[in-house]
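2 protein chains.
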Amino acid sequence: MAVRTIEWKNGRVVMIDQRLLPTREVYRVYSHYREVAAAIKDMVVRGAPAMGIALGARGLKGDMARDFDRICRTFAATRPTAVNLFWAIQRMRRVFKRNQHRSADTLRTLLEREALAMHDEDVAANRSLGRHGATLIEDGATILTHCNAGALATAGYGTALGIVRGAVEAGKRVQVIACEARPFLQGARLTAWELKRDRIPVTLITDGMAGHLMQRGRVSCVVVGTDRTAANGDVANKIGTYTLAVLAHRHAIPFYVAAPISSIDLDCPRGEKIPIEERPPREVTHVFDRQIAPSGVRVFNPAFDVTPSELVTAIVTERGVARQPLGRTLARLVAGDASRRERKLEPRKQRRR
Amino acid sequence: MAVRTIEWKNGRVVMIDQRLLPTREVYRVYSHYREVAAAIKDMVVRGAPAMGIALGARGLKGDMARDFDRICRTFAATRPTAVNLFWAIQRMRRVFKRNQHRSADTLRTLLEREALAMHDEDVAANRSLGRHGATLIEDGATILTHCNAGALATAGYGTALGIVRGAVEAGKRVQVIACEARPFLQGARLTAWELKRDRIPVTLITDGMAGHLMQRGRVSCVVVGTDRTAANGDVANKIGTYTLAVLAHRHAIPFYVAAPISSIDLDCPRGEKIPIEERPPREVTHVFDRQIAPSGVRVFNPAFDVTPSELVTAIVTERGVARQPLGRTLARLVAGDASRRERKLEPRKQRRR
Chain A
1 MAVRTIEWKN GRVVMIDQRL LPTREVYRVY SHYREVAAAI KDMVVRGAPA MGIALGARGL
61 KGDMARDFDR ICRTFAATRP TAVNLFWAIQ RMRRVFKRNQ HRSADTLRTL LEREALAMHD
121 EDVAANRSLG RHGATLIEDG ATILTHCNAG ALATAGYGTA LGIVRGAVEA GKRVQVIACE
181 ARPFLQGARL TAWELKRDRI PVTLITDGMA GHLMQRGRVS CVVVGTDRTA ANGDVANKIG
241 TYTLAVLAHR HAIPFYVAAP ISSIDLDCPR GEKIPIEERP PREVTHVFDR QIAPSGVRVF
301 NPAFDVTPSE LVTAIVTERG VARQPLGRTL ARLVAGDASR RERKLEPRKQ RRR
Chain B
1001 MAVRTIEWKN GRVVMIDQRL LPTREVYRVY SHYREVAAAI KDMVVRGAPA MGIALGARGL
1061 KGDMARDFDR ICRTFAATRP TAVNLFWAIQ RMRRVFKRNQ HRSADTLRTL LEREALAMHD
1121 EDVAANRSLG RHGATLIEDG ATILTHCNAG ALATAGYGTA LGIVRGAVEA GKRVQVIACE
1181 ARPFLQGARL TAWELKRDRI PVTLITDGMA GHLMQRGRVS CVVVGTDRTA ANGDVANKIG
1241 TYTLAVLAHR HAIPFYVAAP ISSIDLDCPR GEKIPIEERP PREVTHVFDR QIAPSGVRVF
1301 NPAFDVTPSE LVTAIVTERG VARQPLGRTL ARLVAGDASR RERKLEPRKQ RRR
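Here you go:
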């Protein structure tokens, strides 16, 4: 069973502190939305904006619309690249707008319910994505992945690692090669940790070793997540992903992207329009508190890169697998989702009483 | 002026402890050859086998041939990939063999002289290589390099960084992008340190960022060193080099290899024949003493990879620049060197009295 990353408990948000993994498993309790926003910015967790907003909504009084807007803007300012952050904020804004004539108590309950629904939907979507993705994985495969697109990056099942879990649940014997993903080492710290915990065989390498392994024929496919995928199928993901795609292309190794519908941004035509977050130099010059570079050295620290659509073999969503030409198939999958969402909006709410 | 890496001082070997850089600049004094061999194995320094053997020769008595052979074998067992280690040992063996009828005192003096000659020749060769390489570098270029092929990797000028220094000495304005080179971080710890010390502009990145920079058009050329280059031009170098070559090829960026003649192994027909050292898992699971991966996780840690000849734009030696077809031009350059060495052997010795 994959780790529970984020939980709503008695009006508070409980989250695992990912910065301390893998050597310490510490859960932190947040009772103020600003703490949750800071935790997202500091990479204590990824995601969690909806629960953070629900937490903020507990303090609504007076000019509720103004205060709610401030809360939403606080979360929007945490990180620029991942689009599902904005998507989640948008959903919370919609619930607020539709119900702003109601009492603060009712609003709070509705927002809390929406956040919990999104959490459950996220797990369900990941499981569905995992099942679709598993059909692409051969028995005996060695899957190379980058960074962490696992339980720790989502509500609890994972996207890229959801495909790995889906393959395992389908009875396939697979093993994973995890790139460590400098500078923040999510591969070494998080992916290796959660796969080991699930007893899925994993081998850790540094980012520069992937090419050598592909050259030696030891990689069956690459499976990565995405923070935002543009309408044409260009994929923004953790820095280093583009390099893996170029290497996979040279070796004719399939390159799969696990992309929940919420991470596909049809408003963004091409990858070059996706804002790329630059993070503090200290992540590069230090590992935890250990200085590894000369003081004052100039550093470039982009957190993401963009893989052009042409290098992507297929994009796996919870609604199915999009193949080339990605632009067309992605639009169809997302549209299918939108029409379904409209139809299901009320029934889903009723179900959650 | 580049740092002095290794010195012979009053019958001892003094070396900078590269493991402590960049935060501490510590020089260690070695008086026993086994300590020098251990230092090479533990990556306190690279190179230095000749001075280590000369140090060992100071203790020769009794069955000198047997003892000398044991010393040489100790150094041959330190690291398998870099061929100039074996080349240096071979030169020391040749001096011993030619003079083994002489007294222990004379032998010791001749071996010490040979080690010092090799040291000086190394610096001279690097300077010459740097001058040849500088002709390939355009004014205003941004040179991406990997690991450390600088003063710290040689007797004191560098091969890849020798080309950078050569370009600077030729009046060109250049800047360097240094890949950190996980796991051992020679780029962050050594390259950034020695370039900063020489006031050559340097920007540090993690290994996964190179592709993104090339994609954005921010790299003019790649210049790397080599631990061994095969007869056909396949290049073994620090793990991660192959990835940079594939990326450079995709972006039509020139990929240059700085290869002293002593690193070209004509006895090795192709790169796949080059033994690739695997180093301890701890280098990947830890950064200095800090654990960054779950305890007991499986690790793969090859220290080198092989870049196929076809991805190499040119190989720069101290005798000139070899272009495609590399196999033919390399053989010519090395042969030229061998005939010159024969001719110069006696005069050089006389010069060094």
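Protein sequence lines correspond, in order, to chains A and B.
Position 117, counted from 1, in the first sequence is what the working numbering calls 117; the numbers after and before it change by one each time, with no gaps.
Position 304, counted from 1, in the second sequence is what the working numbering calls 1304; the numbers after and before it change by one each time, with no gaps.
Where is the CB? At the ideal position from N, CA and C, for every residue including glycine.
Mind checking the region 1185-1203 of chain B against chain A and listing, in chain order, the residues whose C-beta falls within less than 7 angstroms of any C-beta there?
Leu1185, Ala1188, Arg1189, Ala1192, Trp1193, Lys1196, Val1202, Thr1203
Once you ignore the five residues that flank alanine 1170 (chain B) on each side, which residues in its own chain have a CB closer than 7 angstroms to its CB?
Here residue 1170 (chain B) corresponds to residue number 170 of the second sequence, with the count starting at 1. Cβ neighbours of alanine 1170 (chain B) beyond the five flanking positions: Ala1134.
In three-state terms, what does DSSP make of arginine 1019 (chain B)?
Within the second sequence, residue 1019 (chain B) is the residue found at index 19, counting from 1. Looking at arginine 1019 (chain B) - three-state DSSP - the assignment turns out to be helix.
Sequence-distant residues of its chain with Cβ nearer than 7 angstroms to glycine 158 (chain A) (five each side left out):
Position 158 of the first sequence, counted from the start, is the residue given in the question as residue 158 (chain A). Closer than 7 angstroms at Cβ, skipping near neighbours: Ala2, Asn126, Ala149, Gly150, Ala151, Arg165.
Is the beta carbon of isoleucine 1292 (chain B) sitting closer than 7 angstroms to the one on leucine 185 (chain A)?
Numbered from its first residue, the second sequence carries residue 1292 (chain B) at position 292. Numbered from its first residue, the first sequence carries residue 185 (chain A) at position 185. Cβ atoms of isoleucine 1292 (chain B) and leucine 185 (chain A): closer than 7 angstroms.
Presumed contact (8 angstroms Cβ cut-off) between methionine 214 (chain A) and leucine 161 (chain A), rounded CB distance
Stepping through the first sequence from its first residue, residue 214 (chain A) is reached at position 214. Stepping through the first sequence from its first residue, residue 161 (chain A) is reached at position 161. The Cβ separation is near 20 angstroms, so there is no contact.
In three-state DSSP terms, what is tryptophan 1008 (chain B)?
Counting from 1 along the second sequence, the entry for residue 1008 (chain B) is found at position 8. The answer is strand: DSSP assigns tryptophan 1008 (chain B) an E or B state.
Aspartate 305 (chain A) bridges to which residues according to DSSP?
Locating residue 305 (chain A) in the first sequence gives position 305, where the first residue counts as 1. A:Asn237, per the DSSP bridge assignment.
Give the single residue among A:Thr241, A:Glu310, A:Ile261 whose Cα lies nearest to the Cα of lysine 129 (chain A).
As a first step, residue 129 (chain A) is located in the first sequence; it is residue number 129 there, counting from the start. This sequence places leucine at residue 129 (chain A); lysine is not what is there. That would be A:Ile261, whose Cα lies nearest to the Cα of leucine 129 (chain A).
Within the 7 angstroms Cβ cut-off, does aspartate 305 (chain A) reach chain B?
Start at 1 with the first residue of the first sequence, and residue 305 (chain A) comes out as number 305. Yes, aspartate 305 (chain A) lies at the interface with chain B (some Cβ there is under 7 angstroms from its Cβ).
Run of the beta strand (DSSP E) containing isoleucine 143 (chain A), from where it starts to where it stops:
Taking the first residue of the first sequence as 1, we reach residue 143 (chain A) at position 143. Residues 142-146.
Reduced DSSP category for aspartate 1042 (chain B) - H, G, I as helix; E, B as strand; rest coil:
Along the second sequence, read from residue 1 onward, the residue named residue 1042 (chain B) stands at position 42. Here aspartate 1042 (chain B) sits in coil by DSSP.
Using the C-alpha atoms, what's the distance from leucine 1110 (chain B) back to arginine 1102 (chain B)?
By one-based count along the second sequence, residue 1102 (chain B) stands at place 102. By one-based count along the second sequence, residue 1110 (chain B) stands at place 110. One C-alpha to the other measures close to 10 angstroms.
At the level of alpha carbons, what is the spacing between asparagine 99 (chain A) and glutamate 138 (chain A)?
What you label residue 99 (chain A) is simply residue 99 of the first sequence in a count that begins at 1. What you label residue 138 (chain A) is simply residue 138 of the first sequence in a count that begins at 1. Each residue's Cα considered, the two are about 48 angstroms apart.
Chain A residues whose Cβ lies nearer than 7 angstroms to that of threonine 1023 (chain B):
As a first step, residue 1023 (chain B) is located in the second sequence; it is residue number 23 there, counting from the start. Within chain A, the residues near threonine 1023 (chain B) are Gln291.
Measure the Cβ-Cβ separation of threonine 145 (chain A) and alanine 124 (chain A) and say whether it is below 7 angstroms.
The sequence position of residue 145 (chain A) within the first sequence is 145, counting from 1. The sequence position of residue 124 (chain A) within the first sequence is 124, counting from 1. Cβ distance not < 7 angstroms, so threonine 145 (chain A) and alanine 124 (chain A) don't count as in contact.
Look at the Cβ atom of valine 223 (chain A), then the Cβ atom of isoleucine 163 (chain A), and state whether they are nearer than 7 angstroms.
By one-based count along the first sequence, residue 223 (chain A) stands at place 223. By one-based count along the first sequence, residue 163 (chain A) stands at place 163. For valine 223 (chain A) and isoleucine 163 (chain A), yes; Cβs fall inside 7 angstroms.
Apply the 10 Å Cβ neighbour rule to asparagine 10 (chain A) and answer buried if 16 or more other Cβ atoms are within range, or exposed otherwise.
For the purposes of this step, residue 10 (chain A) is taken as residue 10 along the first sequence, with counting starting at 1. That one is exposed.
Cutoff 7 angstroms: methionine 1214 (chain B) Cβ touching any chain A Cβ
The residue given as residue 1214 (chain B) occupies position 214 in the second sequence. It does not: the Cβ of methionine 1214 (chain B) has no partner Cβ on chain A nearer than 7 angstroms.
Are the C-beta of tyrosine 1027 (chain B) and some C-beta of chain A separated by less than 7 angstroms?
In the second sequence, residue 1027 (chain B) corresponds to position 27, counting from 1. No, its Cβ sits nowhere closer than 7 angstroms to a Cβ of chain A.
For a contact defined as C-beta to C-beta under 8 angstroms, what are the partners of alanine 1210 (chain B) on chain A?
As a position in the second sequence, residue 1210 (chain B) is number 210, starting the count at 1. Going along chain A in sequence order, the residues near alanine 1210 (chain B) (Cβ under 8 angstroms) are Thr243.
Starting from cysteine 179 (chain A), trace the alpha helix (DSSP H) in both directions and tell me its first and last residue.
Numbered from 1 along the first sequence, position 179 holds the residue referred to as residue 179 (chain A). No alpha helix (DSSP H) holds cysteine 179 (chain A); the beta strand (DSSP E) holding it covers 175-179.
Answer with buried or exposed for threonine 1106 (chain B), where buried requires no fewer than 16 other C-beta atoms within 10 angstroms of its C-beta.
Taking the first residue of the second sequence as position 1, residue 1106 (chain B) is located at position 106. Label assigned to threonine 1106 (chain B): exposed.
List the whole-angstrom C-beta distance separating proline 1183 (chain B) from asparagine 1084 (chain B), where the pair is believed to meet the contact cut-off of C-beta under 8 angstroms.
Mapped onto the second sequence, residue 1183 (chain B) falls at position 183. Mapped onto the second sequence, residue 1084 (chain B) falls at position 84. So it is not a contact: roughly 23 angstroms between Cβ atoms.
Under a three-way DSSP split, which group does phenylalanine 96 (chain A) fall into?
Stepping through the first sequence from its first residue, residue 96 (chain A) is reached at position 96. DSSP places phenylalanine 96 (chain A) in helix when its eight states are reduced to three.
Report all residues from its chain with a CB closer than 8 angstroms to the CB of glutamate 1272 (chain B); omit the five preceding and five following residues, and keep chain order.
Your numbering for residue 1272 (chain B) matches position 272 in the second sequence. So the list reads Asp1234, Val1306, once near-sequence residues are dropped.
Between the alpha carbons of threonine 74 (chain A) and phenylalanine 68 (chain A), how many angstroms are there, rounded?
Along the first sequence, read from residue 1 onward, the residue named residue 74 (chain A) stands at position 74. Along the first sequence, read from residue 1 onward, the residue named residue 68 (chain A) stands at position 68. Answer to the nearest angstrom: the Cα atoms are 10 angstroms apart.
Which of the three DSSP states, helix, strand or coil, is assigned to histidine 1249 (chain B)?
Residue 1249 (chain B) sits at position 249 when you count from the first residue of the second sequence. Helix.
Scan the region 1160-1171 of chain B for residues whose Cβ lies nearer than 9 angstroms to a Cβ of chain A and list them as they occur along the chain.
none
For phenylalanine 255 (chain A) and leucine 330 (chain A), I'd like the C-alpha separation in whole angstroms.
To locate residue 255 (chain A), count along the first sequence from 1; it is residue 255. To locate residue 330 (chain A), count along the first sequence from 1; it is residue 330. If you take the alpha carbons of phenylalanine 255 (chain A) and leucine 330 (chain A), they lie about 16 angstroms apart.
Which residues of chain B have a Cβ atom closer than 8 angstroms to the Cβ of phenylalanine 288 (chain A), listed in chain order?
Along the first sequence, read from residue 1 onward, the residue named residue 288 (chain A) stands at position 288. Correct list: Val1287, Arg1290, Ile1292.
Buried or exposed (CB count within 10 angstroms, at least 16 for buried), glycine 211 (chain A)
For the purposes of this step, residue 211 (chain A) is identified with residue 211 of the first sequence, where counting begins at 1. Counting Cβ neighbours within 10 Å, glycine 211 (chain A) comes out buried, since at least 16 surround it.
Below 8 angstroms on the Cβ atoms is my guess for methionine 118 (chain A) versus arginine 91 (chain A); work out the distance and round it to an integer in Å.
Position 118 of the first sequence, counted from the first residue, corresponds to residue 118 (chain A). Position 91 of the first sequence, counted from the first residue, corresponds to residue 91 (chain A). About 7 angstroms separates the two Cβ atoms, so the contact holds.
What is the DSSP secondary structure of glutamine 324 (chain A), counted as helix, strand or coil?
Locating residue 324 (chain A) in the first sequence gives position 324, where the first residue counts as 1. Correct three-state label for glutamine 324 (chain A): coil.
Name, going along the chain, the residues of the region 1225-1243 of chain B whose beta-carbon falls closer than 9 angstroms to a beta-carbon of chain A.
Lys1238, Ile1239, Gly1240, Thr1241, Tyr1242, Thr1243
Endpoints, alpha helix (DSSP H) assigned at isoleucine 276 (chain A):
Walking along the first sequence from the start, residue 276 (chain A) turns up at place 276. Element bounds for isoleucine 276 (chain A): n/a, residue is neither H nor E.
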